[in-house]
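Have a look at the structure below, then the notes.
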Amino acid sequence: MILAFDTSMAACSAAVYDPAGARVLASRLEHMERGHAEALAPMVKAVMEEAEITFGTLETIAVTRGPGTFTGVRIGLAMARGLALGRNLRFVSLTSLEAIAANAISSAIPVVVATEAGLGEVYFSYFDNSRIESAEARKGSPSEAAALVANPRTEVLGTAAESVLAAVNPEWNVIRGKAGDVPDAARFVKLAAARLPAKDPPSPLYIRPPDAKPQAQQRRMIQAGPEAAALLARLHAASFDRPWTEEALRGLLGTPGSAAWIVSAGGEPTGFTLIRAAADEAEILTLAVIPPRRRLGHAAALVAALKAHAGRAGIRHLHLEVAASNEAARKLYAKAGFSASGERKGYYAREDGPPEAAILMRWSEP
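Numbering (our numbering), first residue to last: 34 to 399.
Laid out in structure tokens, this is it:
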């Protein structure tokens, strides 16, 4: 038996599939913008009960691994790992684009799948008549996705389908797919059943844009105020499991002593940092870089901007808190001259485990 589920986009779905009988025994699909973590477990329980099977009869878990929302993708993968513990289950993973293409499995024409990637870009890929991915999933403009439409006999699916269709040759009668724009476990589980399961759990898929290695001279740093709250909220949501709201960020940006900087490369905002100062000290409230742009020097550039601002503003000390397990961030700050100054036990709540300690770090003007 195969249990399939997805939480990668604005929906939550689950299904139980019997490979021997080649049929879906039970399925659920709910469209939702948030609340996936609360909805998934009851949904899995419901389809298992309807299918009249137990976890002991499961052999494989099929799950999507992105692209999608940062939190949504991780919710599904965490559930897959949790269910497999102690049960010797195997995994089949699909990209979210493959899962959406499976919605049109009965169609006899090629499919281009495009989903919203934020900041005017889309994730996209091309699937031939047999739903084999013929072009590697990419991130780019709607026009780039439209270039995959090789002839009028092509179907376009996904949350960004309209953006792509607007860029297609208007003389072509390209079909706007109606099979569904988000992954549906009842559909993609059949595709998963034809694949060889793996022993190791899947990891999230982050799709880098073609120019994912910008040169240092292409990087730009600008200071931001309350008017940038919507953009900062999108960047924060793409970077962390527990995103801050636009309203919360606007409030922080309007607080006396607060200041923020946005780093961008090639015209694309890639991250930001926010501080709050009082007298000659300031706290780094957050520093975020979107996953596809990490390890490219953007975080270090933000820290450098903070230190430069500190020198101009008479700030002699910078403070921050970082999760004990976040080795990359701790190394980043240590390299920038920060040192550990304390610890707060059980500071960060975790959905998949006990609370985690926060390491306090401090930088002082030499």
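Here a beta-carbon is modelled for each residue, glycine too, at the ideal position from N, C-alpha and C. For clarity, every value in this text was computed on a predicted model and none was experimentally measured.
Bridge partner(s) assigned by DSSP for residue i
{"i": "R171", "result": "F157"}
{"i": "V96", "result": "F38 and S126"}
{"i": "M394", "result": "L353 and A373"}
{"i": "V189", "result": "V145 and R209"}
{"i": "Y50", "result": "I35 and V57"}
{"i": "G151", "result": "E154"}
{"i": "G21", "result": "This structure gives no information on residue 21, because the portion of the chain shown stretches from 34 to 399."}
{"i": "V322", "result": "G304"}
{"i": "W294", "result": "Q256 and T306"}
{"i": "L62", "result": "S46"}
{"i": "A315", "result": "A310 and L351"}
{"i": "A231", "result": "F124"}
Buried versus exposed, by CB contacts within 10 Å (16 or more), residue i
{"i": "A249", "result": "The pLDDT assigned to A249 is 45, lower than 50, so where the model puts this residue is not dependable; a value taken from the coordinates is nonetheless given after this. Under this definition A249 is an exposed residue."}
{"i": "F88", "result": "exposed"}
{"i": "P388", "result": "exposed"}
{"i": "A231", "result": "exposed"}
{"i": "I240", "result": "buried"}
{"i": "P302", "result": "buried"}
{"i": "P243", "result": "Because the pLDDT of P243 is 46, which lies under 50, any placement of that residue in the model is unreliable, and the question is left without a value."}
{"i": "I255", "result": "exposed"}
{"i": "G386", "result": "exposed"}
{"i": "K246", "result": "At K246 the pLDDT is 45, less than 50, meaning the model places this residue with poor confidence and gives no usable figure here."}
{"i": "S358", "result": "exposed"}
{"i": "T104", "result": "buried"}
{"i": "G379", "result": "exposed"}
{"i": "R107", "result": "buried"}
{"i": "L196", "result": "Note on identity: in this sequence residue 196 is Ser, with Leu being the wrong assignment. Label assigned to S196: buried."}
{"i": "S372", "result": "exposed"}
{"i": "T128", "result": "buried"}
{"i": "D214", "result": "buried"}
{"i": "E398", "result": "exposed"}
{"i": "L36", "result": "buried"}
{"i": "E154", "result": "buried"}
Under 8 Å between C-beta atoms of residue i and residue j
{"i": "V80", "j": "R61", "result": "yes"}
{"i": "Y329", "j": "L339", "result": "The sequence shown places Leu at residue 329, rather than the Tyr named in the question. No; because the gap between Cβ atoms is not below 8 Å, this pair is not in contact."}
{"i": "P216", "j": "Y156", "result": "no"}
{"i": "W294", "j": "L238", "result": "no"}
{"i": "S374", "j": "R349", "result": "no"}
{"i": "I208", "j": "S272", "result": "no"}
{"i": "G109", "j": "F38", "result": "yes"}
{"i": "M76", "j": "A44", "result": "no"}
{"i": "A74", "j": "E384", "result": "no"}
{"i": "A298", "j": "E279", "result": "no"}
{"i": "S41", "j": "T102", "result": "yes"}
{"i": "A141", "j": "S158", "result": "no"}
{"i": "P234", "j": "R120", "result": "no"}
{"i": "Y366", "j": "A226", "result": "no"}
{"i": "G34", "j": "L91", "result": "It should be noted that the sequence gives Met, not Gly, for residue 34. The answer is yes: Cβ separation under 8 Å."}
{"i": "V296", "j": "R252", "result": "yes"}
{"i": "A390", "j": "V355", "result": "no"}
Rounded Cβ spacing between residue i and residue j (contact assumed at less than 8 Å)
{"i": "T306", "j": "L320", "result": "4 Å"}
{"i": "L224", "j": "A311", "result": "Their Cβ separation, rounded to whole angstroms, is 56 Å, which puts L224 and A311 out of contact at 8 Å."}
{"i": "E316", "j": "R309", "result": "5 Å"}
{"i": "G304", "j": "A332", "result": "7 Å"}
{"i": "S176", "j": "A200", "result": "4 Å"}
{"i": "E63", "j": "A72", "result": "6 Å"}
{"i": "A218", "j": "A47", "result": "5 Å"}
{"i": "G210", "j": "A137", "result": "6 Å"}
{"i": "L353", "j": "R377", "result": "About 12 Å separates the two Cβ atoms, so there is no contact after all."}
{"i": "H25", "j": "A292", "result": "Residue 25 is absent from the model: the chain starts at 34 and stops at 399."}
{"i": "L265", "j": "A257", "result": "7 Å"}
Residue i beta carbon near the ligand PLP (any heavy atom closer than 7 Å)
{"i": "A225", "result": "Absent from the structure shown: the ligand PLP. Ligands present: none."}
* Asked: Is the segment 123-130 close to the segment 83-100, with three or more CB pairs under 8 Å?
  -> The segment 123-130 is in contact with the segment 83-100.
* May I ask you to verify whether the segment 187-205 touches the segment 141-155, counting CB pairs closer than 8 Å and requiring at least 3? => yes
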